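Peer 1:
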Amino acid sequence: MAELTPEQVGAMAAAVGLPVTPDDVAEVAHRLNALLEALGPLAELALATVEPVPALPDEPPLP
Numbered sequence: 717m718a719e720l721t722p723e724q725v726g727a728m729a730a731a732v733g734l735p736v737t738p739d740d741v742a743e744v745a746h747r748l749n750a751l752l753e754a755l756g757p758l759a760e761l762a763l764a765t766v767e768p769v770p771a772l773p774d775e776p777p778l779p
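Using the working numbering, the letters of the sequence shown map in sequence onto residues 717 to 779.
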């Protein structure tokens, strides 16, 4: 996947109402690209046969 540009990140932030200043958009783009790169290996997991498990926020965590 191609890296997101600061312009793309700024446009996405504006579209969802996130207040990212022009001074901060390059850092936000850098961090977002690093996060996407770190999550990349998850796309390679064989999950086709794994049943989804609902996680409801009002349930206490399991021990």
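From the three backbone atoms N, C-alpha and C, an ideal C-beta is built for every residue, glycine too. Predicted, not measured: the structure shown is a model, and the values here were computed from it.
Please work out which residues of its chain come closer than 7 Å, Cβ to Cβ, to Pro722, disregarding the five sequence neighbours upstream and downstream, and give them in chain order.
Peer 2: What you label residue 722 is simply residue 6 of the sequence shown in a count that begins at 1. Excluding sequence neighbours, Pro722 sits near Val741, Ala742 and Ala745.
Peer 1: Would you kindly work out how many angstroms separate the C-alpha atoms of Ala730 and Leu758, rounded to a whole number?
Peer 2: In the sequence shown, counting from the first residue as 1, residue 730 sits at position 14. In the sequence shown, counting from the first residue as 1, residue 758 sits at position 42. Near 28 Å, if we compare the C-alpha coordinates of Leu758 and Ala730.
Peer 1: Starting from Leu752, trace the alpha helix (DSSP H) both ways and give me its first and last residue.
Peer 2: Your numbering for residue 752 matches position 36 in the sequence shown. Its alpha helix (DSSP H) spans residues Val741 to Leu755.
Peer 1: Can you give the beta carbon distance from Met717 to Leu752, rounded, assuming they're within the 8 Å contact cut?
Peer 2: Locating residue 717 in the sequence shown gives position 1, counting from the first residue. Locating residue 752 in the sequence shown gives position 36, counting from the first residue. About 7 Å separates the two Cβ atoms, so the contact holds.
Peer 1: Exposed or buried, what is Gly756 when buried is set at 16 or more other beta-carbons lying within 10 Å of its beta-carbon?
Peer 2: Residue 756 sits at position 40 when you count from the first residue of the sequence shown. That one is exposed.
Peer 1: Give me the residue from Glu767, Val725, Gly733 and Pro738 with the minimum Cα distance to Arg747.
Peer 2: Residue 747 sits at position 31 when you count from the first residue of the sequence shown. The candidate whose alpha carbon is nearest that of Arg747 is Val725.
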